[in-house]
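Visitor: Using our numbering, you'd call the opening residue of the sequence shown number 10 and step up by one each time. Cβ atoms here follow ideal geometry from the backbone N, Cα and C, with glycine treated the same way. Values in this document were obtained by computation on a predicted structure and should not be read as measured data. Before anything else, here's the structure in question.
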Amino acid sequence: MKDLVPRSDPYNRRVIVDFMIDRFREAGAETAVIGISGGLDSSLALGLTVEALGRERVKGYFLPYGDLGNIDRVHALSVSDAFGTELAEIDITNIVDSVPFPMDGMVKGNAQARARMLVLYARANLQNGLVIGTSNKTEFLLGYFTKFGDGSADLYPLGDLYKTQVRMLAEEVGVPRTIIERPPSAGLIEGQTDEGELRIPYPILDQVLYGHIRDLDPETIADNIDYTTTTVEEMDRAGFEPPISTDGVKGILGTVWRMRHKRCPFAVPKLEMGTVGLDLRDGW
10 MKDLVPRSDP
20 YNRRVIVDFM
30 IDRFREAGAE
40 TAVIGISGGL
50 DSSLALGLTV
60 EALGRERVKG
70 YFLPYGDLGN
80 IDRVHALSVS
90 DAFGTELAEI
100 DITNIVDSVP
110 FPMDGMVKGN
120 AQARARMLVL
130 YARANLQNGL
140 VIGTSNKTEF
150 LLGYFTKFGD
160 GSADLYPLGD
170 LYKTQVRMLA
180 EEVGVPRTII
190 ERPPSAGLIE
200 GQTDEGELRI
210 PYPILDQVLY
220 GHIRDLDPET
230 IADNIDYTTT
240 TVEEMDRAGF
250 EPPISTDGVK
260 GILGTVWRMR
270 HKRCPFAVPK
280 LEMGTVGLDL
290 RDGW
């Protein structure tokens, strides 16, 4: 039996904090600008950023659209209090509604995500800051983020952590329990949950991705999933009934491949030496 469950590494926290310290020093940036949704990812990102830079250098923003943010506001304030940071609120309703044609569903949801990043970058520009992204490795691999929305930031401290690892580290860092136990949601559509949209619980999904990164074939992955890692409630929210089939694993991996364009913002054909986005990456 192969163990596909991503584990908590005791060094992850230190590596992330050191990474952030180095990148801010390298950029000569003074402040960290971060959108606080009241969800798990932004809460952990806030806690790690405070640990790296100190609370006085961290500027948190709650960016609601209409009444969608009423519940999230309580949690955003809770996590800001937990880490001793101030939370400014900027309503993005007028920005989104200024688009000169009707939008609904995920089209409107994506417009909200892009409006939020517009505001965060404007604040960062005014404060000699860097924008902190809150996406995790699971979301990156699946393309489960908005291109030029939450998929645009200067640093992603959670970018190499699977969602299940995010939850583990959140407990260690001191994210409030009420936030850790909230059903994951992008907060863009009324009643939306990540699991309901993905149709699979994160603990199962992460095992599929973890196995794929380690070059296991779909059949081996399907045969080695540990279903005790998820709860009945998570399965119900996703409408998921175990076991996952080999074809189900292939379907997830097909999504990973199709979403490649979202992970490679500079999609440049290789013509010369030093191609941006291919050869010229970290270290340049």
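Nearest to Glu-206 by alpha carbon, out of Glu-148, Ile-188 and Thr-229?
Guide: Among Glu-148, Ile-188 and Thr-229, the Cα nearest to that of Glu-206 belongs to Glu-148.
Visitor: Which residue marks the beginning of the alpha helix (DSSP H) containing Lys-68, and which one marks its end?
Guide: It is not in any alpha helix (DSSP H) - Lys-68 instead sits in the beta strand (DSSP E) that spans 67-71.
Visitor: With a 10 Å radius around its C-beta and 16 neighbouring C-beta atoms as the bar for buried, classify Pro-186 as buried or exposed.
Guide: With the sequence shown as reference, residue 186 is identified as Arg, and Pro is not the correct amino acid for it. When all chains shown are included, Arg-186 counts as exposed.
Visitor: Can you give the beta carbon distance from Ile-101 to Ala-124, rounded, assuming they're within the 8 Å contact cut?
Guide: The pair is a contact, with the Cβ atoms about 4 Å apart (cut-off 8 Å).
Visitor: Going by C-alpha to C-alpha distance, which of Phe-275, Glu-35, Ser-194 and Arg-246 sits closest to Asn-137?
Guide: Measuring from the Cα of Asn-137, the nearest candidate turns out to be Glu-35.
Visitor: Are there 16 or more other CB atoms within 10 angstroms of the CB of Asp-81, so buried, or fewer, so exposed?
Guide: So Asp-81 ends up on the buried side.
Visitor: Taking 7 Å as the threshold (C-beta atoms), are Ile-234 and Ile-253 in contact?
Guide: In this structure, Ile-234 lies closer than 7 Å to Ile-253 by Cβ.
Visitor: Going by DSSP in three states, Ile-101 sits in which element: helix, strand or coil?
Guide: Note: Ile-101 maps to coil in three-state DSSP.
Visitor: Can you tell me whether Ser-51 is buried or exposed? The criterion is at least 16 other CB atoms within 10 Å of its CB, across all chains shown.
Guide: The residue is buried, with at least 16 neighbouring Cβ atoms inside 10 Å.
Visitor: Spell out a yes or no on whether the region 40-55 and the region 77-95 are touching, meaning 3 or more CB-CB pairs, one atom from each, closer than 8 Å.
Guide: Result yes; three or more Cβ-Cβ pairs closer than 8 Å.
Visitor: If contact is defined by three or more beta carbon pairs under 8 Å, each pair taking one atom from either stretch, is the region 256-272 in contact with the region 219-230?
Guide: Touching, yes.
Visitor: DSSP has Leu-299 in a bridge; who is on the other side?
Guide: Because the chain is modelled from 10 through 293, residue 299 falls outside the range shown and cannot be assessed.
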